[in-house]
Amino acid sequence: MEKTLYTITVFSENTVGLLGQITIIFTRRALNIETLSVSPSAIKGIHKFTITLFTTQDVVEKVVKQIDKRIDILKSYYNTDDDLVHQEIALYKIATDNLLQQGSIEELIRKYHIRVLEMNADFVVLQKAGHYAETQQMFEELSETVGVLQFIRSGRVAITKSKVERLSDMLEGIKKYQN
Amino acid sequence: MHEGVDTIFGYPGGAIMPTFDALYDYDKKVNHILTRHEQGATHAAQGYARVSGKVGVCLVTSGPAATNAITGIADAMLDSTPMVVITGQVGAALLGTDAFQEIDVVGISQPITKWAYQIRRAEDIAWAVARAFYIARSGRPGPVVLDITKNAQFQEIDFIYEPCTFIRSYIPTPEINPSQIELAAEIINSAKKPFALVGQGVVLSNAEAELKEFLEKADIPAAWTLLGASAMDTDFSLNKGFLGMHGNVGPNIMTNQCDVLIAIGMRFDDRVTGDLNHYAKQAKIVHLDIDSAELNKNVKADAPVHGSAKDTLPAISALLKPAKHTDWIAEFKQHDDREFEKVIDREVYPTSGEITMGEVIYKISEATGNKAVVVTDVGQHQMMATRYSKFSQTRSLITSGGLGTMGFGIPAAMGAKMGAPERTVIMFSGDGGFQMTIQELGTIMQEQIGVKMIILNNHFLGMVRQWQEMFFEERYSFTKMQNPDFVAIAKAYKIDGQNVSERSELDAAIADMLKDDKPYLLVVDVEMKGMVYPMMPAGAAVDNILLGE
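Line order of the protein sequences matches chains A and B.
Quick note: the first sequence uses our numbering, first residue 303, plus one each step.
Quick note: the second sequence uses our numbering, first residue 61, plus one each step.
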C-alpha cells in the first residue's frame, strides 16, 4: 500500500516517561519515526510532540488513537503536508579554506537563503531553515563542491493551516466533564 | 481505606516493609491475604475484581516481586480488569544505581498498564493513590502500577486524602453523540437479519438489563465472546451461544450470513474473527465501545458508537422499532442440531469409553444449579468449561482471555471466592496449568478459602497436543506429562480431595465435593486424546469450522 509522510502532533502533560509511552506504540507496530521534536507548547505546563513517519492512513489513524488513549495525553492528531506549514532547521560545518577557495560567500547566502552562525580560521557554520528536500539538496551540493565536515538536521516543527486551535477547543470541550 | 478497600493480596519484602508494618495496625479493617507468589497475588486480585466489580489490590515489594507480578498485570490489561498494584522500590537516593532489588518497574509496566507512576516523596502518595483508583475503575478499566520508594514510605506527613474525580487529559466515559446513535438505530431498524455480539463491555458497565431490553425490543439474536460469557443467562431465548475459535457453530456461521452485525463492548479479537478478509463482509457493522481506539481497529464500522454500553444501549433502544425476526432466528437451529449431533452428544452424554471433559463440566454445572462462579485455567478445559457450563447470573465465568495465562486458575479462584463469599466457586484446570501456580494451595490452606478445584487430567498439555495432532502431523513434541499424585499434594496442604477414573464414581465424587464450603480437589482422569470441537483453525474464515469425525 502507498505510504505517505504523516505528521503526528501530540499535546501532553509534562510528566516523566511520556516519550517512552508514545514510542512504545510505534515500536509495537514496527514503525520507524522519521523525525521527532519535543518542546513546551504555548500553554504553560503542556508539552508538544511533533512526530513524522511514513505509513498508511489506516495505520496512522490507529496509532493516533492509541497515543490519545494514554492517560497523560491531552490531544493527538495527524496531518499530511498539505494541511501544514512546516519547517526544519539544518546546520552545516565547512572548512573555512574550502569555502574561501570556492569563491563568494555572498553568492552562497543569496542562493540558499542561509545565515552564517560562526566563522573562524578553521571552520564556518551555516544555518538553513526549510523543508527536508531543501536542506537535503544544499547538503548534497555543498558535499560535492566544498565538502561538509558535519551536518545536523532538526526534527520537523509544524502548525496547521486551519483556523481552529485544536488544543484550546479541546480544553474548552472537557470543561463540561469537570464538576 | 479511603477507597473502600477491604481486601489486599500481597507478599512482603525489603522495599515494602514500612507499608506492611503500617498494615499490621489495620488487620481488623483490611484483610490481607498472603499468597505464595506475587503472580498469585495479581491473579487473585483479578479474580476478586472480576467477580465483584471492585478494584483488586496487590501489595508487593521491589525487583523480583514486581517482575513476578508482571504476568498478572499484563493479563489484567488485556482483559480490562480494574486493579491497583503497589510495588515497593529502593530509596529515591538509590534510584538508577542498580541497587539491591531495584528494577525499573514503571518502565517495564508502562506498555501493559493503563497508568504507571513512581512516587518518590510522601506528599505525592495521597494524590497518586486517588488517581490510581480513579483510573483503574473508570472508563475501560485496567491495571495501574504505583511504585513507591522506600523513603516515601518512611516519611511522615499530614495525610489529606481527596478522591480523584477528574483528570483533564482523560475522559473515561464520553458523552454520547446523538448522530452516532441515530445512524446505528437506523441501520438496525432496516435489518432483516440482525445479529449482536456481546462482549465484556456489557458486564463492566453493568448493562446486562439494558442489553436484554435492546435485544428483546428488536428481536435480535445474540452471541457472546469468551469474556462476555454470562452477560446473558444461558436459557435466555435470544442467546445463541459462544463465538470464536471453539465457539458454537451457529453464531460463527451466522456472522457471515447476517445483514447487520452489532458488536457491543467487544474488540473483534482474532480468536473471534478468524480471517478478517472473510469476516462479515456482507453485513453493515455497528460497533459500540467505550474505547475509541477499538473502533475501526480490526473491523471497519459503518456506524461506530463511542460510549459506555450502559448509556448507548438504552439510547439506541429508544429509537428502535419493535420487530420480529422469527424466520431468521429459526435458522440458527439447524446449526445447533448439527453441532449437537456431531460434537455435543458425544462430549457431554457419553455412555462408554473414557470420561470426557464435557460430561464432568456439565454434571458439575447441573449439581450447582448453574449458579456457581466458574473459574478456569487455560487450555482445552477452559474452552470446554465455557461451552458446557450454564450460567444464570452475570460475572460467572472468570477466565484469562486475552493473555491466555496458564496458572491463572487457582489464584483467580481464591480471589473470586474472597470477592463473592456467598457463591460457590468452581475452578477447572488442566494438569499443566494447575502446576504453574500449585503453591497457592498453601494460601488456600492458611485462609481456608472454600474453592472447589477440579483437575481434568489427560496427562498431556492437551490444547497443544490437539494442535500437534491436527496441524503438526501428530509430532507430540514435549506435551506428555508425568504427573504427581495431586490428591496427595492437596492432602499435604490439608485440603480434602479424591481421584476419579471411572464414570460410575463421578456423581458421588461431585456430591462429596459440594457437600460443604471447604476447599476441595477433585482430580478426574479424562480421555487422553480428547479434542475440543468445533474448531475454526487459526487464521481461517469464521464459517470454516471443523467438527471432528
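By construction, the Cβ of each residue, glycine as well, lies at the ideal position given by its N, Cα and C atoms.
DSSP three-state label for residue i, please.
| i | result |
| --- | --- |
| residue 367(B) | coil |
| residue 305(A) | coil |
| residue 536(B) | coil |
| residue 301(B) | strand |
| residue 518(B) | coil |
| residue 484(A) | What the structure shows of chain A is the stretch from 303 to 481, and residue 484(A) is not part of that stretch, so it cannot be assessed. |
| residue 385(B) | coil |
| residue 291(B) | coil |
| residue 349(B) | strand |
| residue 333(A) | coil |
| residue 68(B) | strand |
| residue 148(B) | strand |
| residue 359(A) | helix |
| residue 453(B) | coil |
| residue 351(A) | strand |
| residue 223(B) | coil |
| residue 380(A) | strand |
| residue 143(B) | strand |
So, is the C-beta of residue i closer than 8 Å to a C-beta in chain B?
| i | result |
| --- | --- |
| residue 424(A) | no |
| residue 409(A) | no |
| residue 315(A) | yes |
| residue 479(A) | yes |
| residue 449(A) | no |
| residue 359(A) | no |
| residue 321(A) | no |
Starting from residue i, follow the beta strand (DSSP E) in both directions and report where the run begins and ends.
| i | result |
| --- | --- |
| residue 429(A) | 425 to 432 |
| residue 283(B) | 282 to 284 |
| residue 455(A) | 452 to 455 |
| residue 321(A) | Careful: residue 321(A) lies outside any beta strand (DSSP E), inside the alpha helix (DSSP H) at 320 to 330. |
| residue 254(B) | 254 to 258 |
| residue 215(B) | Segment: none, residue 215(B) is in no beta strand (DSSP E) and carries neither H nor E. |
| residue 192(B) | Residue 192(B) -> not in any beta strand (DSSP E); alpha helix (DSSP H) instead, spanning 185 to 197. |
| residue 487(B) | 485 to 490 |
| residue 206(B) | 203 to 209 |
| residue 176(B) | 175 to 179 |
Over what stretch of residues does the alpha helix (DSSP H) that includes residue i continue unbroken?
| i | result |
| --- | --- |
| residue 108(B) | 98 to 112 |
| residue 449(B) | Unbroken run through residue 449(B): none, as it is neither H nor E. |
| residue 314(B) | 309 to 315 |
| residue 163(B) | Where residue 163(B) is concerned, there is no enclosing alpha helix (DSSP H), given that its DSSP letter is neither H nor E. |
| residue 408(B) | 405 to 408 |
| residue 398(A) | 398 to 404 |
| residue 330(B) | 330 to 333 |
| residue 464(B) | From DSSP, residue 464(B) is part of no alpha helix (DSSP H); its letter is neither H nor E. |
| residue 91(B) | Premise fails: residue 91(B) lies in the beta strand (DSSP E), 91 to 94, not in any alpha helix (DSSP H). |
| residue 134(B) | 124 to 138 |
| residue 81(B) | 77 to 83 |
Could you tell me whether the Cβ of residue i comes closer than 8 Å to any Cβ of chain A?
| i | result |
| --- | --- |
| residue 227(B) | yes |
| residue 208(B) | no |
| residue 231(B) | yes |
| residue 349(B) | no |
| residue 203(B) | no |
| residue 440(B) | no |
| residue 153(B) | no |
| residue 196(B) | no |
| residue 260(B) | no |
Compute the beta-carbon to beta-carbon distance between residue i and residue j, rounded to the nearest angstrom, for a pair I have assumed lies under 8 Å.
| i | j | result |
| --- | --- | --- |
| residue 429(A) | residue 391(A) | 7 Å |
| residue 149(B) | residue 210(B) | 7 Å |
| residue 253(B) | residue 317(B) | 7 Å |
ask   = Would the stretch 580 to 598 of chain B and the stretch 549 to 565 of chain B be scored as touching if the rule is three or more Cβ pairs under 8 Å?
value = yes
query = Does the stretch 587 to 602 of chain B come close enough to the stretch 519 to 531 of chain B that 3 or more CB-CB pairs lie under 8 Å?
reply = Taking a cut-off of 8 Å on C-beta distances, the stretch 519 to 531 of chain B touches the stretch 587 to 602 of chain B, as three or more cross pairs fall below it.
task = Could you tell me whether the stretch 64 to 75 of chain B touches the stretch 97 to 109 of chain B, where touching means 3 or more Cβ pairs closer than 8 Å?
result = Result yes; three or more Cβ-Cβ pairs closer than 8 Å.
task = Tell me, please, whether the stretch 471 to 491 of chain B touches the stretch 381 to 392 of chain B by the rule of three or more beta-carbon pairs shorter than 8 Å.
result = no
inquiry  = Does the structure place the stretch 318 to 331 of chain A close enough to the stretch 163 to 180 of chain B that three or more beta carbon pairs sit under 8 Å?
reply    = yes
The stretch 340 to 352 of chain A / the stretch 308 to 315 of chain A touching (three or more Cβ pairs under 8 Å) = yes
query = At a cut of 8 Å, does the stretch 135 to 142 of chain B reach the stretch 459 to 469 of chain B through at least three beta carbon pairs?
reply = yes
query = Three or more beta-carbon pairs under 8 Å between the stretch 246 to 256 of chain B and the stretch 370 to 385 of chain B, yes or no?
reply = With a cut-off of 8 Å, the stretch 370 to 385 of chain B and the stretch 246 to 256 of chain B count as touching, because enough Cβ pairs lie within range.
query = Can we say the stretch 274 to 288 of chain B touches the stretch 302 to 322 of chain B, given the rule of at least three CB pairs closer than 8 Å?
reply = yes
key: the stretch 159 to 176 of chain B in contact with the stretch 115 to 128 of chain B per 3-pair CB rule at 8 Å   = yes
inquiry  = Pairs of beta-carbons, one from the stretch 466 to 476 of chain B and one from the stretch 506 to 525 of chain B, closer than 8 Å: are there three or more?
reply    = yes
task = Decide yes or no for the touch test of the stretch 350 to 368 of chain A against the stretch 351 to 371 of chain B: beta carbon pairs closer than 8 Å, at least 3 of them.
result = Per the Cβ contact rule, the stretch 350 to 368 of chain A is in contact with the stretch 351 to 371 of chain B (3 or more Cβ pairs under 8 Å).
task = Say whether the stretch 376 to 392 of chain A touches the stretch 462 to 477 of chain A, bearing in mind that this needs 3 or more beta-carbon pairs closer than 8 Å, one atom from each stretch.
result = Touching, per the Cβ criterion.
key: Three CB pairs or more closer than 8 Å across the stretch 222 to 242 of chain B and the stretch 181 to 196 of chain B   = yes
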